[in-house]
Amino acid sequence: MESTTRMLEGKVGIVTGAGRGIGREIALMMAREGAAVVVNDVGAAADGSDTGERPADEVVAAIAKEKGQAVANFDSVASWDGAHAMVAQAVDRFGRLDFVVNNAGILRDVIFHKMTEADWDAVIAVHLKGTFNVSRAAAERFRAQGGGSIVNFTSTSGLIGNYGQSNYAAAKLGIVGLTRSIALDMSRFHVRCNAVAPFAWTRLTATIPEGRTDAEKRRVENLKKMKPEQIAPLVTFLASDAAAEVNGQVFCVRAGEIVLFSLPRPIRAVHKEGGWTPQSVADVVPAAFKASFVPNQVSSDIFPYEPLF
184 MESTTRMLEG KVGIVTGAGR GIGREIALMM AREGAAVVVN DVGAAADGSD TGERPADEVV
244 AAIAKEKGQA VANFDSVASW DGAHAMVAQA VDRFGRLDFV VNNAGILRDV IFHKMTEADW
304 DAVIAVHLKG TFNVSRAAAE RFRAQGGGSI VNFTSTSGLI GNYGQSNYAA AKLGIVGLTR
364 SIALDMSRFH VRCNAVAPFA WTRLTATIPE GRTDAEKRRV ENLKKMKPEQ IAPLVTFLAS
424 DAAAEVNGQV FCVRAGEIVL FSLPRPIRAV HKEGGWTPQS VADVVPAAFK ASFVPNQVSS
484 DIFPYEPLF
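Positions in the sequence shown are counted from 1; adding 183 to them yields my numbering.
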């Protein structure tokens, strides 16, 4: 029998990119579970350009309609000052800060040899720097109060690979390294940091081309079956005290599945007494390691099956 106690009762948190999609569903569920939520969203388009929209206000209104507590925030996660401002807003409005969910993101997909510096910089700024900025701003508060939880968003584009997403993949795998480092550095202050790779059909994934091959079309159709609200339960758990023993881990949510990802570890080694020359490397290493080389694959190669609900 599931507990009737709300998992985040009395907690205060920030959810970035919470105006739409996955972030919106996380903010709504966290409010239903008792948290006061700073709903952060700049209202940008999928590529990061300004739209003039303020979807965070709509989410705050939806939370208020359900008798929850929330406040809108329009600062950019890519700004150091903006990140500190949203932390200050949480403390000023609700008196504390217990968790941060770094969900904000944009996409500028393009094949690598056509990617511009602007495409690279924009995606890195929002995903990787943005995750650092908000986590760093929260870390000061968490350290002072002796606890807190950070949930970062990664992607199988970085963990496995996808076409046309070198900027996004680099940022998302960088977030894994950042997650592990925060978990190590902040554990002495009882601060936890974990990462989640989501599968869901959102306005960002809706920018993915329908595809030309049957396999590509099937991948998109599978994505359409997976809903943003299916990501929220794991994230809510990770932000709560119930996850006190979970730190530095990388999860994936795919419809009804929760997957734990492995992290890089040595798998093979060779040694040559006296050291190596380029020729001896050529003579030994390819043959010794070939069976253990990781093939170049994309997410759909690893998750080729229909979503499990």
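Where a beta carbon is used, it is the ideal one built from N, C-alpha and C, also for glycine.
This one's a predicted model, so the numbers in the text were calculated from it and none came from an experiment.
Backbone CA spacing between Ala422 and Val283 [nearest angstrom]:
Here residue 422 corresponds to residue number 239 of the sequence shown, with the count starting at 1. Here residue 283 corresponds to residue number 100 of the sequence shown, with the count starting at 1. When rounded, the distance between both Cα atoms is 8 Å.
Environment of Leu361 [buried if 16+ CB atoms lie within 10 Å]
The residue you call residue 361 lines up with position 178 of the sequence shown. Answer is buried; the Cβ neighbour count reaches 16.
Nearest-angstrom Cβ-Cβ length linking Ser259 and Gly265, presumed shorter than 8 Å
For the purposes of this step, residue 259 is taken as the residue at position 76 of the sequence shown. For the purposes of this step, residue 265 is taken as the residue at position 82 of the sequence shown. That belief holds up - the Cβ atoms of Ser259 and Gly265 are roughly 5 Å apart, short of 8 Å.
By a C-beta neighbour count over all protein chains shown, 10 Å radius and 16 as the cutoff for buried, is Tyr488 buried or exposed?
On the sequence shown, residue 488 is found 305 positions in, with the first residue counted as 1. Burial call: exposed.
Strictly under 8 Å for the Cβ-Cβ distance: is Gly226 near chain D by that measure?
Protein chains in the displayed structure number just one, and chain D is not present.
Where Phe315 and Asp368 are concerned, what is the direct C-alpha to C-alpha distance, given to the nearest angstrom?
As a working mapping, residue 315 is identified with position 132 in the sequence shown. As a working mapping, residue 368 is identified with position 185 in the sequence shown. Taking the straight line joining both Cα atoms gives about 14 Å.
If you draw a straight line from the C-alpha of Ala366 to the C-alpha of Asp484, how long is it?
Translated into positions along the sequence shown, residue 366 becomes position 183. Translated into positions along the sequence shown, residue 484 becomes position 301. Roughly 30 Å between the two C-alpha positions.
In terms of alpha-carbon separation, which member of Gly288, Phe257 and Gly431 lies closest to Asp230?
Taking the sequence shown and counting its residues from 1, the one referred to as residue 230 is at position 47. It is Gly288 whose Cα lies nearest to the Cα of Asp230.
Pull the bridge partners of Ser332 from the DSSP assignment, please.
Indexing the sequence shown from 1 puts residue 332 at position 149. Phe282 and Arg375.
Would you check if the distance between the CB atom of Ile358 and the CB atom of Leu311 is smaller than 8 Å?
Counted from its first residue, the sequence shown places residue 358 at position 175. Counted from its first residue, the sequence shown places residue 311 at position 128. Against a cut-off of 8 Å, the Cβ pair of Leu311 and Ile358 comes out as a contact.
Per DSSP, which one or two residues make a beta bridge with Leu443?
Translated into the one-based positions of the sequence shown, residue 443 becomes position 260. Answer is Phe434, bridged to Leu443.
For the beta strand (DSSP E) that Gly196 lies in, which residues bound it at each end?
Residue numbering aside, residue 196 sits at position 13 when the sequence shown is read from its first letter. Here the beta strand (DSSP E) through Gly196 covers Val195 to Val198.
Would you check if the segment 189-201 and the segment 270-278 touch, i.e. whether three or more CB-CB distances between them fall below 8 Å?
yes
If contact is defined by three or more beta carbon pairs under 8 Å, each pair taking one atom from either stretch, is the segment 455-465 in contact with the segment 315-325?
no
Relative to the C-alpha of Asn335, which candidate in Ala219, Ile205 and Phe486 has its C-alpha closest?
Locating residue 335 in the sequence shown gives position 152, counting from the first residue. If we check each option's Cα against that of Asn335, Ile205 comes out closest.
Exposed or buried, what is Gly331 when buried is set at 16 or more other beta-carbons lying within 10 Å of its beta-carbon?
As a working note, residue 331 is residue 148 in the sequence shown. With 16 or more Cβ atoms within 10 Å of its Cβ, Gly331 is classed as buried.
In chain order, what residues of the same chain lie with their CB nearer than 7 Å to the CB of Val436, ignoring the 5 residues before and after it?
Counting from 1 along the sequence shown, the entry for residue 436 is found at position 253. Same-chain partners within the cutoff: Val379, Pro381, Phe382, Gln413, Ile414 and Leu417.
Starting from the N-terminal side, write out each stretch of the alpha helix (DSSP H) that is 4 residues or longer and does not extend beyond the segment 247-282.
263-277
With a Cβ-Cβ cutoff of 8 Å, do Met190 and Glu208 count as a contact?
For the purposes of this step, residue 190 is taken as residue 7 along the sequence shown, with counting starting at 1. For the purposes of this step, residue 208 is taken as residue 25 along the sequence shown, with counting starting at 1. No; because the gap between Cβ atoms is not below 8 Å, this pair is not in contact.
Using CA atoms only, rank isn't needed, just tell me which of Ala261, Glu241 and Trp263 is closest to Val254.
Position 71 of the sequence shown holds residue 254. Ranking the options by Cα distance to Val254, first place goes to Glu241.
Please go through the same chain and pick out, in chain order, the residues whose beta-carbon is closer than 8 Å to the beta-carbon of Asp302, but skip the five residues on each side of it.
Locating residue 302 in the sequence shown gives position 119, counting from the first residue. Counting only Cβ-Cβ distances below 8 Å, and skipping sequence neighbours, we find Arg291, Val293 and Asn350.
Do you know offhand how far Val243's Cα is from Ala427's?
Locating residue 243 in the sequence shown gives position 60, counting from the first residue. Locating residue 427 in the sequence shown gives position 244, counting from the first residue. If you take the alpha carbons of Val243 and Ala427, they lie about 28 Å apart.
DSSP has Val221 in a bridge; who is on the other side?
As a first step, residue 221 is located in the sequence shown; it is residue number 38 there, counting from the start. The partner list for Val221 (beta bridge, DSSP) reads Ile197 and Val254.
Taking only three categories from DSSP, how would you classify Asp233?
As a working mapping, residue 233 is identified with position 50 in the sequence shown. Strand, per DSSP.
Can you tell me where the alpha helix (DSSP H) with Phe493 in it begins and where it stops?
Only positions 184 to 492 of the chain appear in this structure, which leaves residue 493 out of reach.
Within a Cβ cutoff of 7 Å, which residues of the same chain sit near Val442, ignoring the five residues on either side of it in sequence?
Counted from its first residue, the sequence shown places residue 442 at position 259. Excluding sequence neighbours, Val442 sits near Phe434 and Cys435.
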